Structures are given as structure tokens and as C-alpha cells.
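Protein chains in written order, with the UniProt record's numbering: chain A, 1 to 474; chain B, 1 to 474.
Quick reminder that beta carbons are idealized off the backbone N, C-alpha and C, glycines included.
Since this is a predicted model, take the numbers as computed values, not measurements.
There are 2 protein chains.
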Amino acid sequence: MNAPATTAHLQPLTTPRPVPQAMLDALAARFGAQYSAAQAVCEQHGRDEGSLQAPPPAAVVFAESTQDVQDAVRLAAQYGVPVIPYGAGSSLEGHLLAVQGGISIDMGRMNRVLSVDADDLTVTVQPGITRKQLNEAIKDTGLFFPIDPGADASIGGMAATRASGTNAVRYGTMRENVLALEVVTARGEVIRTGTRAKKSSAGYDLTRLMVGSEGTLGLFTEVTVRLYPLPEAVSAAICSFPTIEAAVRTVIQTIQLGVPIARVELIDANSVRMVNAHSKLRLREEPLLLMEFHGSPAGVQEQAEVVQDIAREWDGNAFEWATTPEERTRLWTARHNAYFAAVQSRPGCKAISTDTCVPISRLADCLLDSVAEADASGIPYFLVGHVGDGNFHFGYLLDPAVPAERETAERLNHQLVARALRLGGTCTGEHGVGVHKMGFLVDEAGEGAVEMMRAIKRALDPQNILNPGKIFAL
Amino acid sequence: MNAPATTAHLQPLTTPRPVPQAMLDALAARFGAQYSAAQAVCEQHGRDEGSLQAPPPAAVVFAESTQDVQDAVRLAAQYGVPVIPYGAGSSLEGHLLAVQGGISIDMGRMNRVLSVDADDLTVTVQPGITRKQLNEAIKDTGLFFPIDPGADASIGGMAATRASGTNAVRYGTMRENVLALEVVTARGEVIRTGTRAKKSSAGYDLTRLMVGSEGTLGLFTEVTVRLYPLPEAVSAAICSFPTIEAAVRTVIQTIQLGVPIARVELIDANSVRMVNAHSKLRLREEPLLLMEFHGSPAGVQEQAEVVQDIAREWDGNAFEWATTPEERTRLWTARHNAYFAAVQSRPGCKAISTDTCVPISRLADCLLDSVAEADASGIPYFLVGHVGDGNFHFGYLLDPAVPAERETAERLNHQLVARALRLGGTCTGEHGVGVHKMGFLVDEAGEGAVEMMRAIKRALDPQNILNPGKIFAL
């Protein structure tokens, strides 16, 4: 949902390399009906859910096997042409843009579950399966895959961007939940990283290096992830607070006490108004915490009581329960619809979303100063967040026809990132760097660390054909 | 504790590069009393707790600051001489051997706590602090650092080998618990990886790449790790079983039910006999599970009841409780002393320890077949394990004067590793590769993945001066 003030800074990156006709002919011959150079297909594969734009890729290959991916990458290597893996198209930072031209490899047909190892709490899947498809496929095992970035993203794409979402406070992110990968390298070779063992000290942690590499170091063709037993008991609650600060302080204390809360989402009063209008709800139009507790019946009750006590100290009102699955679904659907509700609240607007994450003790400082800045700017906005992790998203709602609004939104985002970095945080908790946050990455990691990333990239992809122009400029 | 059948396979690695006198003079001039080339000092820094041997380093620098480390590495880079970081000297696979000569950098004096951020459940330390020193320093915060590899290892060394131990089943390994690092690179530059934010998608996960890199990609000068609230209630229990299989099945079911058990250690009847003799205990000389439960008083009780029910199904006897801190300490001290108890049980013997880890569903198969092989071999052995993670250690007790025993022990280890790999596991759960397991790493990861590790190594350390000759041959 991020977008730059202008696309001017993209110009140096937008240097499409020509795709020789001979390569397109070779792809067409090899892939037949799995190949398309139709304009509509290419355009669809050349954008994501963000608002950055670039010319589309020259062609799309619909991979159906690891061998397909290998063959496509080998042709790309032969001709020195970029390849961009495409999952569900739900990334936000320009990850899918063909800023240096090339071809897209659509993984959507590689969506099979290869092996459910229920006894080990693991599953191995092809990368194109979406998280909802995965949970549907394993629903009879009593297990679930908890990572929930909102969008019905593909597992391969989630691994590539190190995604997380509402359950991460309890279950971790893709960093913690990917155990092993099959990867096609820049030379079209297949390697395996990790094993199904829960831990290992066997050499460099290539799995963790690949997770979050945004398609720049290899294309994932198999992903082994952890599963969890469906909790015996689940309860959800809504609690409203007089101020954002009171809500945030409640969260901070909850985390510091070590309560194993499964979800704790903040939505500000703006968001509540938008969600009420969009989803025909009657939530109190005050800052809310949406919470979920997983465990045994007694454990869930114990956790909820602790949090209720904390909330009371911060003048939290009306700890309302949603204990049936239907009520809970309604609640979380409302949360997931916050973005769409917000966009609908200002017809024709575009939303620019931020993604900072800070140490929990700095959350109130970071949030409150940024709320004050957003209020002072006059631009409509909403605020939602996985606040148990210190991660939150402002959405600035701007009129794309008014350049000043875009500039204001970008300025607010810059100020927020600078503040988060000062407070020991990160510019991106879960969306990734893509094209949009390259400058922020240097601010955060420092030139030396980014140069180390570049050295790794050059070593593993000397021709710079794997999703080039993302994360850093070479 | 691993040792090869012979050191013959070390020969190609043992190619000391000369350390020019000019460099030693420069080190002496720069470091004064922080420098030593005394034979005893060098010899002490040229070995670890394993039984591999190599000529000692030419000199030792006792670093007291990041600047010291930088300056030593810069001199090493200037002269193309290897540098080997030294923490507590407790590694097991030959990590500290100067197989290609060079100098040792002792981090022991860099043992300060730099920043306790209790509200964020993090602490930043220098790498030379040991885990016990760390826990002592933070004991008034109500927090603790759970990773417990047995030895009082340094935090930097634990990060470098991706260590874990008895608490990993609940709290994870160094992989999950290192948030950020300060690293001195092969050029003597300082970079920072990660932030104190709980999660991030900001570029390549350099932190996880460094964790487990065994000193071959950079020297850690600061380490930020997670802390955890001391549990409100802790209880420990011992339960004996008629067979190893019954004990293991109890563990498997416990894990599959999602019980958040904090520790679950297997010790076989051999170990119990040795521990009883060594620690003057009267534990039942049957396979035992040592367990610990962390949580609220009600939560702890609930967990224990679930496990007790499972144990009963597998004919577990005498679920004995250790609820006072003194009783618990006695129990865990006995566990940690198993190795010493075993070595004392056969005067003059050497122990060769294995470190495989398999998916939990394969644990019984892997263990029982290996027990049968060990029994058939006639060599005295003991078996302990962090079985909740699928990780266990056989210790073969051999007479170093009898080459046939060493060969038998190595054969058993090879058979065990091959079996673990067939079952989807790893050759090393927590000890690392070092010098000893290079061959196993290729068997496990495949030549392609190891070649990717080599490519990263060459890119980040083109002179091959950072702990060369470890993990893989270049």
C-alpha cells in the first residue's frame, strides 16, 4: 500500500534490459500453453497491491513443476534476462515490478500440498498455495498454519517477504516458521536448505537467508513450514479505551508480563468509524483492542483475566466477548476489512500504508508522536496495528489528483520511519523493502551492512537476473 | 566431544600459513600486555573440549573493545593471516583449532552487560560474557536468559555455533533468541545486523546468517538477545520407564499435543547408573525422563497432569516431584554432570559424543536402532537427549589406547548420522560442524548447498582469514 511521492526516484532503476526474441521463442517452444506474451497477462503480472508502476514483463511462464522453473531460469541465465517470481500478487512495495524488464514466473499452479507430517507438526507445500488453501487442505488434521498477513498470500511469497500478521505475537513470523526450502538458484540448479528437524547447527542458515530475500537470491519451489495444534479453547474480546495511549499501555504491560496472547490488534477511532460504516457494525467509536486467547479452557480464562485487570487500570471499557466461531469471524473480518473500509470512506482516494515496528517499550512514544503529526497534517488517515509486536500501519488517504497530499503522506511516512529508527526499530515489520524502501534500508542497516547484502547477491547471482532492482541498488 | 577415528583426514586442512614476525611485532606494539605469544597461552587457545588436535595459534590478543578486535583483524587482513575468535573454549567440534595457523582473539575480557532493556525483554552484551554471568547480572530484573547448553559457554560462542540445550523445546535456540549483532568484518569494519524490534522484513537476514557461522563470516562484538519473565511457577518431575521406547513415546505424544513443556530430557539406564555413582543419588536405574514445567501455578499443574496421563499409558512409574529450587537444582546438576559421571565410570576413557536431531515422529526409530547397534558393539556408552526437540547424544566411552574402540565408536557415529539423515534429520542439532563434521555436512545439505555456503564465504572473506578450515573446505 506504500507509494512514493513521485516515481522520479524509480528512474535509475527502470532500465529494462531487452528480452531477445530468440529467448521468447525458446520459452514459447518449451512451455507451449504455459507461456503467454499477451499484453493483459503481462500487465497483470507486472504490478502488485502497491501503487508503484513500471513497464510490464515481456512474457509470463506458468510453472507447473520444479523442472519448469529450472528450465525457465536456465534460459534467463543463458540470455542474461531478469526473472521475477509471481505468487498471489499481494505484495505491497513494488516487489513484482519488472523495473529491469524480463519475464515473470507465475507459481500459482504449483499449489499442491506435497506432504502433511501431522505427527511432526510440519507440512511441505509448493510455493503457489495460498495460506487459506493450505488451512483448508489440512483442516481434518487438527492442526493449522497460523501466519495471517491479511491478504490470502501465497506461502512462497510470504516466505520471500518474511511476512507475518495478526498471529505473530504468539506464533512468530515466516522467519520462525519456515523449516526448509527447495530453491532454484540463479544457474537453474536445485538446492535444498534445512531439514524437517526442529533445530540444526549444520552450517550457514541458508533457509533464513532465503526467507525475506524477495526473490533476489533464488526461487522457492518447495516450502516446509510448521503447523500448530488447533487450540482446545479460543476466546476473543474487544475492549475500548479513552485514548490510544491507554490502549497501547495495556498492550505493553500484557507483553511484559509474558501473557501468551495469540492476537492483540489496535484499531483507532478513525478505523472504527470506517469499519462500522463498511461492515454495518456498531463498535464503540473509540480506540479498540481486538484480542484473542488460545489455550486450554482454564488457560484462556486465566490469560483473559490478567489482561482484563490491566485494561481496567487503563480505564478500558466493556470487555466484550466473542466466544462463538461466528462472532470471532465477524470480528476478524472487520479487522481485515479496515483497509477497504478506509479506502471506501473517501471515494477515489489512494491509501499509503506505513509498516514500522519498534521495541514494545517505545511503542507509545512512537505512535503518539506520529498520531499528533498525522492529526496536524489534516490528511485523513487510519491506524491499525499488530501492537503486541510493536508493529503498526498508518494508512494515509490521499486524493491522487492533489500532489500536495501525496507529498504530505510521504513526509509523514519519512518522519515516522526516522522516529522508529531513532527508537531502535525497523522501517518494515512485515511488508519488505521491494522498490519503495531502499533508501530506508540504508538508513536503518547502514551502508556497511547493505554492502554485505550486495556482496552476497553478487556472489549468488553474478548476472543479476533474479528479481533485480529490489532491496538495494547494485 | 566428537573425535575422528584418526586425524588423517585433518591433514589437508592442517596447512598453517606462516605468521610473519612483522605482524607479531605490530600486534605486540599495538596491544602490549593484551598480547601474548607464550607457549602455554597459545596452547590453551588452540584447543576446545573436543579431542581433535592441531598446532596452536602463533599468538593471542586479549580484546577489550570493538576497536581492539577491529585493529587485530585489520593487521590480520594486511598480512593475510587467520584469526580465530575464542570465547569460553567449550566448543566440541574443533572450532578453535588453528588448522591453518594464525592468531587467536580472546573475547573473555569483553564480558560486560551493555544495556538491560527489561521492558522490551532484551539485553545487549559483549560476546565474552558467559550465560551464567549474564543470568547473575540480570537476576534482579525478574527476567532470565534460558538457553542452556550445559557448559557455561560465552554468549558470543553460543551465537556462533547456534547453540541450544535443555530449554530449547520451549524457548528455542540461539537462532530464535539473537535479535541483533555488532560484527567486525573480514576487512576490520564494523556493521550492525538487526534491531531491537521483535520482527523485521528489512532486507537479508544477516543476523541469522551470522548465527551459526562459527567465526567464519565475522567476529561478534555485541550481541542482543531475548529475555523471558521468570515463570511464576516452576515444577520439575522425574518419571522412570520400563524401556527407552516407552519414555520416547511419552515425549512424542506430549509434543504432538502441544504441551508447552519447558524441559524434557531423556537419560538412559546406563547414564542413571553413572550419575548415581558420581553424584551419590539413588535414582531408579531405568530410562528416565527429567521434566520441567513453567507457567502459572494452575498452568503448570495442568501441563503436568496431561504428561502424567500420557506417561501412565506407557507404564511410566513414580512421577516424582521436585518443587523446591534446591531439589530442582540437584536434579539438573545431575543431568549436566552425566558426561563427567560417564567419563569417570571408565577411568582413562575418552567420550565421543554424537549430536543428531530428527523430526519427533522418527525419534523412536532413530534411537532404538542406534541403541541396538551400540549394545551389539560391546562398547560402553551412555545416552542423553533433549528429546522434546528430537535431539540426543550418545557418548561412546573408549580406551584411547585401543584403536579398534575408536574405530567402533566412529562407525557407530557414522551409522547414526546416516540413519538420522535418512529420517529427515540433521547431523548436528546444536554442536556445529567445526572441523569434525565437514563430511557429514555435505551428506546432509548436498554439494550444491555447501557450494552456496562457500560462495558466501568467498564473497565476505576473500582472503579466507576468518577461522579458515571450518564448516567446509574451500
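Assumed close pair residue i, residue j - CB separation to whole angstroms, cut-off 8 Å
i	j	result
Val-60 (chain A)	Ser-104 (chain A)	5 Å
Ala-77 (chain B)	Arg-458 (chain A)	Contact doesn't hold; Cβ gap of about 20 Å is too wide.
Val-169 (chain A)	Val-264 (chain A)	6 Å
Leu-266 (chain A)	Pro-287 (chain A)	7 Å
Asn-467 (chain B)	Gly-215 (chain B)	4 Å
Gly-295 (chain B)	Gln-308 (chain B)	Wrong, their Cβ atoms sit about 15 Å apart, outside the cutoff.
Val-183 (chain A)	Gly-218 (chain A)	4 Å
Leu-96 (chain A)	His-45 (chain A)	7 Å
Ala-338 (chain A)	Met-274 (chain A)	7 Å
Leu-257 (chain B)	Pro-229 (chain A)	7 Å
Arg-192 (chain A)	Ala-180 (chain A)	7 Å
Ile-147 (chain B)	Ile-255 (chain B)	At roughly 19 Å, the Cβ-Cβ gap does not stay under 8 Å, so Ile-147 (chain B) and Ile-255 (chain B) are not in contact.
Val-225 (chain B)	Asn-177 (chain B)	5 Å
Buried or exposed (CB count within 10 angstroms, at least 16 for buried), residue i
i	result
Gln-126 (chain B)	buried
Gln-67 (chain A)	exposed
Ser-65 (chain B)	exposed
Thr-329 (chain A)	exposed
Ala-88 (chain A)	buried
Lys-198 (chain B)	buried
residue 480 (chain A)	Nothing can be reported for residue 480 (chain A): it is not among the residues displayed for chain A, which extend from 1 to 474.
Ile-471 (chain A)	buried
Asp-315 (chain A)	exposed
Leu-134 (chain B)	buried
Ser-115 (chain A)	exposed
Leu-143 (chain A)	buried
Thr-354 (chain B)	buried
Thr-333 (chain A)	exposed
Ala-401 (chain A)	exposed
Thr-15 (chain B)	exposed
Gly-348 (chain A)	exposed
Leu-331 (chain A)	buried
Asp-389 (chain B)	buried
Arg-362 (chain A)	buried
For residue i, the three-state DSSP class (helix, strand or coil)
i	result
Asp-116 (chain A)	At residue 116 (chain A) the sequence reads Val, which differs from the Asp that was named. DSSP places Val-116 (chain A) in strand when its eight states are reduced to three.
Ala-63 (chain A)	coil
Leu-217 (chain A)	coil
Arg-362 (chain B)	helix
Arg-187 (chain B)	coil
residue 492 (chain A)	As displayed, chain A neither begins before 1 nor continues past 474, which places residue 492 (chain A) out of reach and without an answer.
Cys-349 (chain B)	coil
Ala-5 (chain B)	Note that Ala-5 (chain B) scores a pLDDT of 36, beneath 50, so its modelled location is shaky; the value from the coordinates is reported in the next line. Three-state result, Ala-5 (chain B): coil.
Pro-12 (chain A)	At Pro-12 (chain A), the pLDDT of 46 sits below 50, so the modelled position is not reliable and the matter cannot be decided from this model.
Thr-224 (chain B)	strand
Ser-235 (chain B)	strand
Leu-421 (chain B)	helix
Gly-431 (chain A)	Looking at the sequence itself, residue 431 (chain A) is His, so the reference to Gly does not match. Three-state DSSP puts His-431 (chain A) in coil, outside helix and strand.
Asn-413 (chain B)	helix
Leu-92 (chain A)	coil
Thr-40 (chain B)	It should be pointed out that residue 40 (chain B) corresponds to Ala in this sequence rather than to Thr. If DSSP states are grouped into helix, strand and coil, Ala-40 (chain B) belongs with the helices.
Asp-461 (chain B)	coil
Ala-322 (chain B)	strand
Asn-467 (chain B)	coil
### Query
Taking any Cβ of chain B, which residues in the stretch 369–402 of chain A have a Cβ under 7 Å from it, in chain order?
Asp-389, Gly-390, Asn-391
### Query
What are the start and end residues of each continuous beta strand (DSSP E) run of 3 or more residues lying completely inside the stretch 133–163 of chain A, in chain order?
none
### Query
the stretch 289–308 of chain A: which residues have C-beta closer than 7 Å to a C-beta of chain B, in chain order?
If you check each beta-carbon in the stretch 289–308 of chain A against every beta-carbon of chain B, the ones closer than 7 Å belong to Ser-296, Ala-298, Gly-299, Glu-302.
### Message
At a CB distance below 8 Å, what residues from the stretch 184–207 of chain A approach chain B? Give them in sequence order.
### Response
Thr-185, Glu-189, Val-190, Ile-191, Arg-192, Thr-193, Thr-195, Arg-196, Ala-197, Lys-198, Lys-199, Ser-200, Ser-201, Ala-202, Gly-203, Tyr-204, Asp-205, Leu-206
### Query
Hey, which unbroken runs of the alpha helix (DSSP H) at 4 residues or more fall wholly within the stretch 238–301 of chain A?
244–256, 269–279
### Residues within the stretch 427–442 of chain A neighbouring chain B, beta-carbon criterion of under 7 Å
Listed by position, the residues of the stretch 427–442 of chain A near chain B (Cβ gap below 7 Å) are Cys-427, Thr-428, Gly-429, Glu-430, His-431, Gly-432, Val-433, Leu-441.
### Query
Listed in chain order, which residues of the stretch 155–167 of chain A have Cβ atoms closer than 7 Å to some Cβ of chain B?
Thr-161, Arg-162, Ser-164
### Task
Could you please tell me which residues of the stretch 54–88 of chain B, in chain order, have their CB closer than 9 Å to any CB of chain A?
none
### Query
Using Cβ-Cβ distances below 9 Å, what residues of the stretch 97–130 of chain B are close to chain A?
Asp-117, Ala-118, Asp-119, Asp-120, Leu-121, Thr-122
### Query
For the stretch 23–35 of chain B, which residues have a CB atom closer than 7 Å to at least one CB atom of chain A, in sequence order?
none
### Message
Extract the residue ranges of the beta strand (DSSP E) inside the stretch 366–408 of chain B, only unbroken runs of 3 or more that lie entirely within it.
### Response
Correct list: 381–386, 391–398.
### Message
By the 9 Å beta-carbon criterion, what residues does the stretch 451–467 of chain B contribute toward chain A?
### Response
Glu-451, Met-452, Met-453, Ala-455, Ile-456, Lys-457, Arg-458, Ala-459, Leu-460
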